[in-house]
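Visitor: These protein sequence lines are chains A and F, in that order. Okay, so the first sequence: first residue is -8 according to this note's numbering, each after it adds one. Okay, so the second sequence: first residue is 330 according to this note's numbering, each after it adds one.
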Amino acid sequence: MQKFRAASCSILAVLSILALGWPRGPAMAQGDCNQEGKDLLPIPEISSQNGRLRAEIKLTNGKRTLWGIKGDTRCLPQQVRVLTGHDLLKPGANDLIPVNGEPIPAPTLRVKVGDLIQIKFLNDIDTQSFAGSLDQALSNQKNTTGCDEVYTEGKQLYPGSGKNHDIFPNCLHGSSTSNIHFHGTHTTPNTTGDNVLLNVRPALRSPLYAVTGPSEADVNAAFDPIFSLCEKNGSPVGWDKTMVPDSWINLQQKLLVEYDAKTPSFGNPGPLPKDMQLWPVNKAQIESHLWPQYHVGAFPYCFRLADTARGNDMGQAPGTHWYHAHKHGSTALNVANGMEGALIIEGEYDAALRRFYNINNGPGLREQVLMIQQLSSTPFPALNPLLNPRQPELRPVLSVNGRLDPVVKMRPGEVQLWRVVNGAFRDAVQLQSFEPKGGLAWRQIAQDGVQFHPDNYQDLGTENRQINLAPANRADLLVKAPAAVGKYDLIAMPNVGLPQGDPDLPTSKPIKLLTVSVEGQPVEQQRGFITKESFPKQPDFLHDIDPSLARVHRTLTFAGNHYQIDNERFNGEKYSQIMALNSVEEWKIENQAPDKSHPFHIHINPFQVTEIFEPNDTTTNTTDPAKPCYVDPLKPETWKSCAAIPAPYVWWDTFGIPMAKTVKVTDACTSNGNTNKSLCPAAIQPYVDDCPAPRGGGPQVCTVTIPGYFKMRTKFADFPGTYVIHCHILIHEDRGMMQMVEVVPDHPPYKHH
Amino acid sequence: MPVWQINITTNPNGGPTKPARFEFADPPPQVQAGDQVFWSNNDSQPHHPVPDDPSQSGITEFMPTQIAAHASSPTFAFGKAGTVGYHCLLHKDETGSIDVGAAPVPQA
């Protein structure tokens, strides 16, 4: 398919072009890797001991065998960014890295409510393996957009210059810089906690730099005391020598100054232009007593999971959570590369389930951690000059734990706990059914890492009820095998309900997500599904939020495009929402897009969904004027939910906002032969377009957009600080569909007498 | 849509007294139309790969400017199948070519 030819040259340096991305030795034939139907890969785990998890998570280059987009039969080793793990509490433990080049997720971290999490995060990426991945800094161009740039045949494919082109920093960029978001944790968003404003840059390793590093010895010498102090006093609150060793503070400054001085930019050698330098930013933050944003090579994550027994108002829900890369501008690409892992937080919820199923001679409650991924080295359809984004087949395929259609094994009669994480960077996945029907069955027991109330287990966790997992959603399932051996397919549908035509979220056909092989000896005592009476009781902090406490109500509107909330792209210099610590609020989250369900996600605190309005829902007679649930396009007061959600409410941290509905209202906007938005009923004018004439000619058409929405209640409990809300179609987040929020102390520091 | 990296590195056997040349040490990548390629310059001087014959390949340039020392080029996405010869604009005897295979046919 490909050849290079040698040719003579007369320059001083002798060059060789080495085609990386292809293995040394015998070439691998197409399609002879990652074939469907292999056993499920168990993800290696790192567990806490005695209330503490201490792990090394290293971000590095790795060659992983990935599939192409659907329709591309190639299955090729490609350079991607990967996370490897190492348990620092087990001397001599090996790095937890995948074998055979398979793209298994990062190690599962397993902890308990109230545990201290200490992670030595290393960024050891060789940036030469990823084009222009150090923001603008290593660009060779005189004029650069600052975004990743892709050219083809004399034109710029990305970011381009069209109507909806991306503008730095709300674009794909800086993908070798990273951080970790501990998705689903209730902990501090500041300093060494779930702080996604950090930029942990790759260690300096190029011959360009006189000072390189940090070295492993530097990191260990600094992080051991940081972790000790953090264990004793909690996450550090300041970047000073009482909490961070002087040696580390000085080394980080030295590395940043070195980077600013020596890194080439715009085709010139260093220093970087002043507005691109990193150290001055850190310096200003430190002088303002803020935790600095830029770090080189390593970062000491250290935080404690909330626990009401330790005085937290809102506890950490035990359940299935996850962690993933979250640096603005590269979340989609990094997660598409596979930078994600499960975070299992155990508590009384798990213990109660195990007590129920741990009976004599039984297998107990065996667990499967299932990470759904959409692996790719280029996640954005616009980066392919051939791609017609409206072709639904052309997108990365869905895999589970690094394999296509893996096989999960169960014994006849066995009940297993499946912890399902939708770690796909773009697609929603609806679990539809086991086929053939009548054998296997599931019941949902938790959503987004928060256990159901027993009433919801009874009413929502019914057998084989379809479960829609927006990107980032998790579902805990009890899966019961029939008494007889057999094989069953788990059928899933990506992006249910979405119309054709959106480049980011094409519709598709059902897929076989995995296979279950029921085989071996039947379990001797079959307990079946746990009963409502035995179902784990929710801790008090998960009881329904009292609506009378919600004194602040907000409405947030996600746009019909891919990059705006409340008509703005992300502005990192602005708090879009400011809330008081420990206050309760009710938010209405609207979606103006008629072709995509933006998944709303907020960090740090989960929320209860109390109302859902789906204007496209045909089951509630929204289109029949004679019925009570009729949604009248001319009367916004009818654009509301018809069927109330019964309490108790389910907790979520990510929720797909229902799509908007568009209705032609030309007649209502026409008078004396004139059609104009200003002629529409006043109440709907804010929702009507500009009444354009069709492209092919003809009379003007006015269209009203009826937003879908959901309402939620949440409490901004325990942890003040800065964090974000965003769309969890990660390419949307990178392009600007995100807001900065601030939770401020509820008591002023001043007293008046 | 794989992304292929082409490393530009200094050959220790080259130098003022010996003509430099391109060497391709590994089996080449299986580039298909739609794939992306970028050049990673590990040399201490700039380089600038450009297509040999734009009229033949239909490709006017891979990148807008040269690749600085120890830097990477932007990525280039191939829009169609064919053989694309190229050379370094700064060192015209540095040449190479890439055979681009046809894009896969999407499955319905």
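Beta carbons: idealized from backbone N, C-alpha and C, even for Gly.
Go ahead and label residue 564/A buried or exposed: buried means 16 or more other beta carbons lie within 10 angstroms of its beta carbon, across all protein chains shown.
Guide: Sequence index remark: in the first sequence, residue 564/A carries index 573 (1-based). Flag for residue 564/A reads exposed.
Visitor: In three-state terms, what does DSSP make of residue 417/F?
Guide: Here the question's residue 417/F lines up with position 88 in the second sequence. Strand.
Visitor: Spell out a yes or no on whether the region 551 to 560 of chain A and the region 663 to 683 of chain A are touching, meaning 3 or more CB-CB pairs, one atom from each, closer than 8 Å.
Guide: Because the criterion of three Cβ pairs below 8 Å is not met, the region 551 to 560 of chain A and the region 663 to 683 of chain A do not touch.
Visitor: For residue 643/A, list the residues DSSP reports as bridge partners.
Guide: The residue labelled residue 643/A in the question sits at position 652 within the first sequence. According to DSSP, residue 643/A bridges with 598/A.
Visitor: Would you say residue 326/A faces chain F, with C-beta separation under 8 Å as the test?
Guide: Working through the first sequence from its first residue, we reach residue 326/A at position 335. Output row for residue 326/A: interface = no.
Visitor: Would you call residue 413/A buried or exposed, if buried means 16 or more other Cβ atoms sit within 10 Å of its Cβ?
Guide: Stepping through the first sequence from its first residue, residue 413/A is reached at position 422. Looking at its Cβ environment, which holds 16 or more other Cβ atoms inside 10 Å, residue 413/A is buried.
Visitor: Within this structure, are the beta carbons of residue 393/A and residue 93/A separated by less than 8 Å?
Guide: What you label residue 393/A is simply residue 402 of the first sequence in a count that begins at 1. What you label residue 93/A is simply residue 102 of the first sequence in a count that begins at 1. Yes, these two residues count as a Cβ contact at 8 Å.
Visitor: Tell me which residues share the same chain as residue 353/F and place their Cβ nearer than 6 Å to its Cβ, disregarding the 5 neighbours each side in the sequence.
Guide: For the purposes of this step, residue 353/F is taken as residue 24 along the second sequence, with counting starting at 1. Below a pLDDT of 50, predicted positions are generally treated as unreliable, and residue 353/F, at 36, falls in that range; no measurement from the model is reported.
Visitor: Between residue 408/F and chain A, is there a C-beta pair that is closer than 8 Å?
Guide: Taking the first residue of the second sequence as position 1, residue 408/F is located at position 79. By this cut-off, residue 408/F is an interface position.
Visitor: Just to make sure I have the definition right: I need the residues of chain F whose C-beta is within less than 7 Å of the C-beta of residue 369/A. Which are they?
Guide: Here the question's residue 369/A lines up with position 378 in the first sequence. Those within 7 Å of residue 369/A in chain F are 330, 332 and 365.
Visitor: Can you tell me where the beta strand (DSSP E) holding residue 433/A begins and where it ends?
Guide: As a working note, residue 433/A is residue 442 in the first sequence. Looking at the DSSP string, the run of the beta strand (DSSP E) that includes residue 433/A is 432 to 438.
Visitor: Check this for me: beta carbons of residue 466/A and residue 34/A, under 8 Å apart or not?
Guide: On the first sequence, residue 466/A is found 475 positions in, with the first residue counted as 1. On the first sequence, residue 34/A is found 43 positions in, with the first residue counted as 1. Contact flag unset, no.
Visitor: In three-state terms, what does DSSP make of residue 178/A?
Guide: Sequence index remark: in the first sequence, residue 178/A carries index 187 (1-based). Looking at residue 178/A - three-state DSSP - the assignment turns out to be coil, as it is neither helix nor strand.
Visitor: Roughly how many angstroms separate the alpha carbons of residue 43/A and residue 96/A, rounded to a whole number?
Guide: As a position in the first sequence, residue 43/A is number 52, starting the count at 1. As a position in the first sequence, residue 96/A is number 105, starting the count at 1. So the two alpha carbons sit approximately 22 Å from each other.
Visitor: Could you list the residues in the region 132 to 158 of chain A with a C-beta less than 7 Å from some C-beta on chain F, going in chain order?
Guide: Taking 7 Å as the Cβ-Cβ cut-off against chain F, the residues of the region 132 to 158 of chain A that qualify are 132, 133, 140, 141, 142, 143, 144, 145 and 148.
Visitor: Quick check: the Cα distance between residue 225/A and residue 106/A, rounded to an integer number of angstroms?
Guide: Reading the first sequence from its first residue, position 234 is the one you call residue 225/A. Reading the first sequence from its first residue, position 115 is the one you call residue 106/A. Spanning the two alpha carbons is a distance of roughly 12 Å.
Visitor: Distance cutoff 8 Å, beta carbons only. Does residue 501/A sit that close to anything in chain F?
Guide: Numbered from its first residue, the first sequence carries residue 501/A at position 510. Answer no: the Cβ-Cβ gap between residue 501/A and chain F never drops below 8 Å.
Visitor: Once the 5 residues before and after residue 332/F are set aside, which same chain residues still bring their CB inside 6 Å of it?
Guide: As a first step, residue 332/F must be located in the second sequence, where it is residue number 3. Counting only Cβ-Cβ distances below 6 Å, and skipping sequence neighbours, we find 365.
Visitor: When you compare the CB positions of residue 472/A and residue 519/A, do they come within less than 8 Å of one another, or not?
Guide: Your numbering for residue 472/A matches position 481 in the first sequence. Your numbering for residue 519/A matches position 528 in the first sequence. It is not a contact, given that the beta carbons lie outside the stated cut-off.
Visitor: Under three-state DSSP, which class holds residue 485/A?
Guide: Translated into the one-based positions of the first sequence, residue 485/A becomes position 494. Looking at residue 485/A - three-state DSSP - the assignment turns out to be strand.
Visitor: Just grab the DSSP bridge partners of residue 359/A for me.
Guide: Position 368 of the first sequence, counted from the first residue, corresponds to residue 359/A. Note: residue 359/A sits in a beta bridge opposite 409/A.
Visitor: Quick one: which chain F residues come within Cβ less than 8 Å of residue 120/A?
Guide: The residue you call residue 120/A lines up with position 129 of the first sequence. Neighbours of residue 120/A on chain F, chain order: 334 and 369.
Visitor: Using 10 angstroms around the beta-carbon of residue 569/A, count the other beta-carbons present and answer buried if the total reaches 16, otherwise exposed.
Guide: Here residue 569/A is taken as the residue at index 578 of the first sequence, counted from 1. By the neighbour-count rule (16 or more Cβ atoms within 10 Å), residue 569/A is not buried but exposed.
Visitor: With 16 other CB atoms within 10 Å as the buried threshold, where does residue 323/A fall?
Guide: Translated into the one-based positions of the first sequence, residue 323/A becomes position 332. Residue 323/A is buried by the Cβ-count criterion.
Visitor: By the 10 Å Cβ neighbour count, where 16 or more other Cβ atoms means buried, how is residue 219/A classified, buried or exposed?
Guide: Mapped onto the first sequence, residue 219/A falls at position 228. By the 10 Å Cβ count, residue 219/A comes out exposed.
Visitor: With residue 341/A as the anchor, note down where its alpha helix (DSSP H) starts and where it stops.
Guide: Here residue 341/A is taken as the residue at index 350 of the first sequence, counted from 1. Its alpha helix (DSSP H) spans residues 339 to 348.
Visitor: Quick check: is the beta carbon of residue 376/A nearer than 8 Å to any beta carbon in chain F?
Guide: Here the question's residue 376/A lines up with position 385 in the first sequence. Yes, because at least one Cβ of chain F sits closer than 8 Å to the Cβ of residue 376/A.
Visitor: Considering only C-alpha positions, which residue in the set 53/A, 718/A, 587/A and 278/A is nearest to residue 653/A?
Guide: Stepping through the first sequence from its first residue, residue 653/A is reached at position 662. Comparing Cα positions, the closest option is 587/A.
Visitor: Taking residue 523/A as the reference, which of 607/A, 534/A, 459/A and 436/A has the closest Cα?
Guide: Counting from 1 along the first sequence, the entry for residue 523/A is found at position 532. Nearest of 607/A, 534/A, 459/A and 436/A to residue 523/A, Cα basis: 436/A.
Visitor: Would you kindly work out how many angstroms separate the C-alpha atoms of residue 351/F and residue 334/F, rounded to a whole number?
Guide: Mapped onto the second sequence, residue 351/F falls at position 22. Mapped onto the second sequence, residue 334/F falls at position 5. Since pLDDT at residue 351/F reaches only 44, below the 50 mark, its modelled position is unreliable, and the value read off the structure follows with that caveat. C-alpha separation (whole angstroms): 15 Å.
Visitor: Expressed to the nearest angstrom, what Euclidean distance is found between the alpha-carbon atoms of residue 279/A and residue 230/A?
Guide: Position 288 of the first sequence holds residue 279/A. Position 239 of the first sequence holds residue 230/A. Looking at the two C-alpha atoms, the distance is approximately 11 Å.
Visitor: So the beta strand (DSSP E) residue 143/A belongs to, where does it begin and stop?
Guide: Locating residue 143/A in the first sequence gives position 152, counting from the first residue. 141 to 143 is the extent of the beta strand (DSSP E) around residue 143/A.
Visitor: Can you list the residues of chain F that residue 258/A reaches, using a CB-CB cut of under 8 Å?
Guide: The sequence position of residue 258/A within the first sequence is 267, counting from 1. Per Cβ cutoff of 8 Å: 375, 394, 395 and 397.
Visitor: Please state whether DSSP places residue 58/A in a helix, a strand or coil.
Guide: Here the question's residue 58/A lines up with position 67 in the first sequence. DSSP places residue 58/A in strand when its eight states are reduced to three.
Visitor: Answer yes if the region 199 to 207 of chain A comes into contact with the region 244 to 263 of chain A, meaning at least three C-beta pairs across the two stretches below 8 Å, and no otherwise.
Guide: Contact holds: three or more Cβ-Cβ distances are below 8 Å.
Visitor: Does DSSP classify residue 200/A as helix, strand or coil?
Guide: As a first step, residue 200/A is located in the first sequence; it is residue number 209 there, counting from the start. It is coil, neither helix nor strand.
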